[in-house]
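Chemist:
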Amino acid sequence: MSKFKQGETSQQVIDKKNSITKSIKNKTKIIDKIKCYEDIPSSLEIKKNTISQTSVHKWSDSNLDVIYYSYNSAHAKHNTTFLEELITSIDNANKRLTNLSKPVNNGKSLSRLSHNEVNQLKNENEELRVALAEVYRAYMQLLDECREDRKIDAAYRKLILAQAEILGRDRVWGVK
7 MSKFKQGETS QQVIDKKNSI TKSIKNKTKI IDKIKCYEDI PSSLEIKKNT
57 ISQTSVHKWS DSNLDVIYYS YNSAHAKHNT TFLEELITSI DNANKRLTNL
107 SKPVNNGKSL SRLSHNEVNQ LKNENEELRV ALAEVYRAYM QLLDECREDR
157 KIDAAYRKLI LAQAEILGRD RVWGVK
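Under my numbering, the first residue of the sequence shown is numbered 7, with each subsequent residue one higher.
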């Protein structure tokens, strides 16, 4: 016997449907607040300095309470009005962004990081370079010691073999 009657929907499906609708509403509110490129959340992927509808649907960020959903889920009947608001919001945000002077950083790509974050990343990068150099030096030192040990072992082996030849087979057995 089936768990649900015909036409009945499980609570999980209803919850998922409601969370998608809630996410569409949240995305609309967040995009409405975008006035300049710095206002764009770092988790939202933009291409060619515009916000695309596809990237908004794929956008997920637990801190902002937005989730990923498929194109078909966004275009479901119960999301029609919210989707229209979202599309309008995206169009308005793109208009506001294009009315601003184009973000030009002397040929460099647009960075949404603050100067403090950039400096912190530079410091971390320098620390990683120093650590990598130390690891490389230690590796090269171990490699040299390993080579020396092999040379010493080869010399001892040669010496023992020479001694074995001098003493003969009867006195030293098993040396090879």
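The beta carbon of each residue, even a glycine, is placed where N, CA and C say it ideally should be.
Tell me the rounded alpha-carbon separation between V19 and S29.
Modeler: About 15 Å.
Chemist: If we call anything under 7 Å between Cβ atoms a contact, is S66 one with Y74?
Modeler: Yes, the Cβ-Cβ distance between S66 and Y74 is below 7 Å.
Chemist: So what's T15 in DSSP terms, helix, strand or just coil?
Modeler: Of the three classes helix, strand and coil, the one that applies to T15 here is coil, per DSSP.
Chemist: Tell me the residue span of the alpha helix (DSSP H) that contains I52.
Modeler: Premise fails: I52 is in no alpha helix (DSSP H) and is neither H nor E.
Chemist: With distance defined between alpha-carbon atoms, name the residue in V124, N85 and C152 nearest to K22.
Modeler: With distances taken between Cα atoms, K22 lies closest to N85.
Chemist: From A168 to K128, what does the alpha carbon distance come to, in whole angstroms?
Modeler: Each residue's Cα considered, the two are about 60 Å apart.
Chemist: Going by DSSP in three states, D71 sits in which element: helix, strand or coil?
Modeler: D71 falls in the coil class under three-state DSSP.
Chemist: Give the secondary structure of L127 by DSSP, where H, G and I count as helix, E and B as strand, and everything else as coil.
Modeler: Helix.
Chemist: Which same chain residues, not among the five before or five after I26, have their C-beta less than 6 Å away from its C-beta?
Modeler: Contacts found: Y75 and S79.
Chemist: Kindly give me the distance between the Cβ atoms of D38 and S95, rounded to whole angstroms, as I take these residues to be in contact under 8 Å.
Modeler: That belief holds up - the Cβ atoms of D38 and S95 are roughly 5 Å apart, short of 8 Å.
Chemist: Any idea if A139 is buried or exposed, counting beta-carbon neighbours within 10 angstroms, 16 or more meaning buried?
Modeler: Result: exposed.
Chemist: Here's the rule I'm using: 16 or more other beta-carbon atoms within 10 Å means buried, otherwise exposed. How should V186 be labelled?
Modeler: Because the chain spans 7 through 182 in this model, residue 186 falls outside it and cannot be assessed.
Chemist: Considering only the alpha carbon of each residue, which of I36, A82 and A170 lies closest to L70?
Modeler: Ranking the options by Cα distance to L70, first place goes to I36.
Chemist: Excluding sequence positions up to five away, which residues of its chain have a Cβ less than 8 Å from the Cβ of K53?
Modeler: So the list reads S61, once near-sequence residues are dropped.
Chemist: If the criterion is Cβ atoms closer than 7 Å, does the pair F88 and K33 meet it?
Modeler: The answer is no: Cβ separation not under 7 Å.
Chemist: Going by DSSP, what residue range makes up the alpha helix (DSSP H) through K64?
Modeler: Counting along the chain, the alpha helix (DSSP H) containing K64 begins and ends at Q59 to K64.
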